[in-house]
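Peer 1: So the sequences go chain by chain: A and B. Note that my numbering has the first sequence beginning at 33, numbered continuously upward. Note that my numbering has the second sequence beginning at 159, numbered continuously upward. Structure below; questions to follow.
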Amino acid sequence: MKTWAICLNTFRETVRDKVFILLVVFALIMIIASRIFGFLSIGQELKIVEDVGLASISVFSLLVAVFVGTTLVHKEIDKRTVYTIVSKPIHRYQFVIGKYAGLNLTILVNMVVMGLFFYLLVRLMHGTWSSGFDMAIALIYVEVMVVTGLALLFSTFASPTLSAIFTFLVYIAGHLSNDMMFFGARSQNIFVNIITTGLYYILPNLSRFNVKNEVVHGLPIPPNFYVYSILYGLLYCIMLVIVSSFIFERKNLK
Amino acid sequence: MGYAIEIVGLKKTYRSGVRRRSVTALNGLDLCVNRNEIFGFLGPNGAGKTTTLKILLGLLFPTAGSARVLGKPVGDLSVKAKVGFLPENPYFYEYLTCRELLDFYCRLFSIQKSERGKRIDRLLARVSLDHVANRQVRKLSHGMLQRLGIAQSLINDPEVLFLDEPMAGLDPVGRRTIREMIHELKAEGKTIFFSSHILQDAELLCDHVGILREGRLVNTGTLQEMLTPKLASYEAVVTDIPEDAIEELSHIATKLEKREERFHLLINGTENLRRMERIVAQSGGLMDSLSKTRGTLEDHFIEFINPQPGEAVNK
Ligand SMILES: Nc1ncnc2c1ncn2[C@@H]1O[C@H](COP(=O)(O)OP(=O)(O)OP(=O)(O)O)[C@@H](O)[C@H]1O
Ligand SMILES: [Mg+2]
């Protein structure tokens, strides 16, 4: 109940921070995209709109994850609101989990609304909505949860700006981790190999959550892939929250 | 029953900045506070009062030493359930209304919904914020914020109350209200530990005071003990004194002032008092009044926080 109270309050706070303005921007981009590509009418407009739609859902959610996620805990310390919370009978990890869950709730609501809008647009353009879209959006959500977790983790010890930079770098590296492993395996240098293998296991393998192309182009994806990706993502999130809590538990709240 | 608060050898060093320059805020603080008393924690700016309170509330971790509240180590959830805390210049979620904010804090104590409404109404009335119950925190004045802070510190009906400068930013009426409230809380059996530099408030409130300087307790005791001056001092008003006698008196008095044909004198010590009486009698003057003055806490405070001559100042 205590964690829930913090979660709900964080949700409320992010809503007041006008995160949902992004929804309007999203809607505008989608409408403009469908108009522009509608004119071109080369028979590919639907695919382009689907591409743009999934990419926008992903980018907007990631933006919220990074920019709100990195200030989540920092703001509480900076504005000194944390003093009257941590001095109440709650564990610090409950605070961390509550903040994390609250932001994820906001992103979820945000994403559901974007998804619905996307769905309507696809149907209006006489496209078929395959279950692949649902799965693609679900995977984007899991990816965003991981990124929120990264932002949270960095913000427990670094400033919001630094945290945002770190999160962004890890995000890029996370998308390249397959390639990196490949590169490491091919290099003759044992040290390079060890480092790339190490990074492969430490960094989140974010390419696992990107099935946008496959879905738009109707390529088959084994159901197992979804299950393992989601499990992997959730485990990674849990790990990030545990490490964040561990750091926050020991932090001096000056 | 044991002490409400027990602090042993508490040290705290802040490290900050890129160069990790360290600042010693507390340097071996020892302090005990009895249950059901009002303890005034006094000291100049930067003495370490806020640091001590933050350690007692589990916000900061001490560099060395230990602190116990209600017999248990600080940070213990069962202890946190029984304490209240008003931070220095409190700040709250500004987008919530007073009522919503207090409801949020109630939830952190797992207080049942049926109980929450009643409790919040009672508290808002107690700190005279009932008329702004549904106003957003961002629209409150500084003094209102302070009152809201006090309301939230009482939300769990705490046994021990930690107040960091509870009177700061309050108008005289507000200060009186808080003072009365603190007395009531004591009557309810609570322990109140507050920091302040408003000595007058401390003087009106405290059972015990502790004076902190540079992270160490330089004096502690009951007000009675502190206010009993080491050297009795007297205030006298005399009239009809010839010039030469005035000259003589000015050597004895620590202060001599002429007000409307009368002379006001401040005399330190019985020795000087006798001499003064002799001079006045011999010169044919008249003593209008004589009274013994009580040192104020302020005198005491200033005496203690100023480094004594010859004392090494640790820098
Ligand atoms: N976050 C911090 N980082 C570095 N030094 C700090 C920090 N907070 C406090 N200090 C230093 O610790 C010392 C004690 O500060 P503290 O806030 O406890 O004093 P205080 O007695 O509450 O003062 P005031 O009466 O002004 O509120 C000061 O020298 C201060 O500069
Ligand atoms: Mg202070």
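C-beta atoms are modelled at their ideal positions from N, C-alpha and C, and glycine is treated no differently. Here the structure is a predicted model, which means the values were calculated and not measured.
In its own chain, which residues sit with a C-beta less than 6 Å from the C-beta of residue 239 of chain A, not counting the 5 before and 5 after it?
Peer 2: 207 and 210
Peer 1: Quick one: does residue 239 of chain B have its CB under 8 Å from some CB of chain A?
Peer 2: yes
Peer 1: Check the Cβ of residue 250 of chain B against every Cβ in chain A and list those closer than 8 Å, keeping chain order.
Peer 2: Chain order gives the chain A residues near residue 250 of chain B as 113 and 116, where near means a beta carbon separation below 8 Å.
Peer 1: Using a Cβ-based criterion (distance less than 7 Å to any ligand heavy atom), does residue 34 of chain A qualify as near ligand 2?
Peer 2: Residue 34 of chain A Cβ: outside cutoff for every heavy atom of ligand 2.
Peer 1: Could you pull out every residue in the same chain whose Cβ sits closer than 6 Å to the Cβ of residue 235 of chain A, ignoring the five residues on either side in sequence?
Peer 2: 205, 206 and 209
Peer 1: Any beta carbon from chain A within less than 8 Å of residue 265 of chain B's own beta carbon?
Peer 2: So yes, residue 265 of chain B belongs to the interface.
Peer 1: What are the boundary residues of the beta strand (DSSP E) that includes residue 445 of chain B?
Peer 2: 444-451
Peer 1: From residue 404 of chain B to residue 245 of chain B, what distance separates their C-alpha atoms?
Peer 2: One alpha carbon belongs to residue 404 of chain B, the other to residue 245 of chain B, and they sit about 54 Å apart.
Peer 1: How far does the alpha helix (DSSP H) with residue 427 of chain B in it reach, from first residue to last?
Peer 2: Residues 427-440.
Peer 1: Provide the residue span of the beta strand (DSSP E) that contains residue 159 of chain A, from first to last.
Peer 2: Here residue 159 of chain A belongs to no beta strand (DSSP E), and DSSP marks it neither H nor E.
Peer 1: Below 8 Å between beta carbons is the criterion; list the residues of the stretch 203-215 of chain B that meet it against any residue of chain A, in chain order.
Peer 2: 212 and 215
Peer 1: Taking the runs of the beta strand (DSSP E) that are 3 residues or longer, which of them lie wholly in the stretch 78-139 of chain A?
Peer 2: none
Peer 1: DSSP three-state label for residue 44 of chain A, please.
Peer 2: Residue 44 of chain A falls in the helix class under three-state DSSP.
Peer 1: Compare the C-beta of residue 217 of chain B with all C-beta atoms of chain A and state if any pair is closer than 8 Å.
Peer 2: Yes, residue 217 of chain B lies at the interface with chain A (some Cβ there is under 8 Å from its Cβ).
Peer 1: Considering just the uninterrupted stretch of the beta strand (DSSP E) at residue 341 of chain B, what are its terminal residues?
Peer 2: Run containing residue 341 of chain B: none in the beta strand (DSSP E); it sits in the alpha helix (DSSP H), 330-345.
Peer 1: Given residue 165 of chain A, which residues of its chain have a CB within under 7 Å of its CB, disregarding the five upstream and five downstream residues?
Peer 2: 247
Peer 1: Who are the Cβ neighbours of residue 173 of chain A in its own chain at under 8 Å, not counting the five residues just before and after it?
Peer 2: 93, 139, 140 and 143
Peer 1: Mind pulling the beta strand (DSSP E) runs of 3 or more residues that sit fully within the stretch 279-313 of chain B?
Peer 2: none
Peer 1: Answer with yes or no whether the minimum CB distance from residue 351 of chain B to chain A is below 8 Å.
Peer 2: no
Peer 1: Please list the partners that residue 231 of chain B has in chain A, where partner means a Cβ-to-Cβ separation under 9 Å.
Peer 2: What residue 231 of chain B touches in chain A: nothing, since even the nearest Cβ is about 14 Å away.
Peer 1: Under a three-way DSSP split, which group does residue 243 of chain A fall into?
Peer 2: Note: residue 243 of chain A maps to coil in three-state DSSP.
Peer 1: Is it true that the CB of residue 109 of chain A sits closer than 8 Å to the CB of residue 285 of chain A?
Peer 2: Against a cut-off of 8 Å, the Cβ pair of residue 109 of chain A and residue 285 of chain A comes out as a contact.
Peer 1: Quick check for students: name the residue ranges of the alpha helix (DSSP H) that lie wholly in the stretch 191-248 of chain A, counting only runs of 4 or more.
Peer 2: 192-218, 222-234 and 244-248
Peer 1: For ligand 1, I want to know if residue 172 of chain B counts as a neighbour, meaning its beta carbon is within less than 7 Å of at least one of the ligand's heavy atoms.
Peer 2: yes
Peer 1: Considering only DSSP beta bridges, list what residue 231 of chain B is partnered with.
Peer 2: Its beta-bridge partners are B:226.
Peer 1: Secondary structure at residue 398 of chain B, three-state DSSP: helix, strand or coil?
Peer 2: coil
Peer 1: Which residues share a DSSP beta bridge with residue 366 of chain B?
Peer 2: B:197 and B:380
Peer 1: Given 7 Å as the limit, tell me if residue 378 of chain B has its C-beta closer than that to any heavy atom belonging to ligand 1.
Peer 2: no
Peer 1: Relative to the alpha-carbon of residue 101 of chain A, which residue among A:268, A:217, A:229 and A:197 has its alpha-carbon at the smallest distance?
Peer 2: A:197
Peer 1: Considering only residues of the same chain and omitting the five flanking positions on each side of residue 254 of chain B, which have a CB-CB separation below 8 Å?
Peer 2: 262, 294 and 295
Peer 1: Should residue 251 of chain A be labelled buried (16 or more other beta-carbon atoms within 10 Å of its own) or exposed?
Peer 2: Exposed: under 16 other Cβ atoms inside 10 Å.
Peer 1: Can you list every residue whose CB sits closer than 7 Å to some heavy atom of ligand 4, going in chain order?
Peer 2: Although ligand 4 was asked about, the structure shown includes only ligand 1 and ligand 2 as ligands.
Peer 1: Mapping the DSSP letters down to three states, classify residue 392 of chain B as helix, strand or coil.
Peer 2: strand
Peer 1: Could you have a look at residue 236 of chain B and say whether DSSP puts it in helix, strand or coil?
Peer 2: helix
Peer 1: Is any heavy atom of ligand 1 found at a distance shorter than 7 Å from the C-beta of residue 130 of chain A?
Peer 2: no
Peer 1: Going along chain A in order, which residues have a C-beta closer than 7 Å to the C-beta of residue 161 of chain B?
Peer 2: The premise fails here: residue 161 of chain B is roughly 20 Å from chain A at the closest Cβ pair, so nothing lies under 7 Å.
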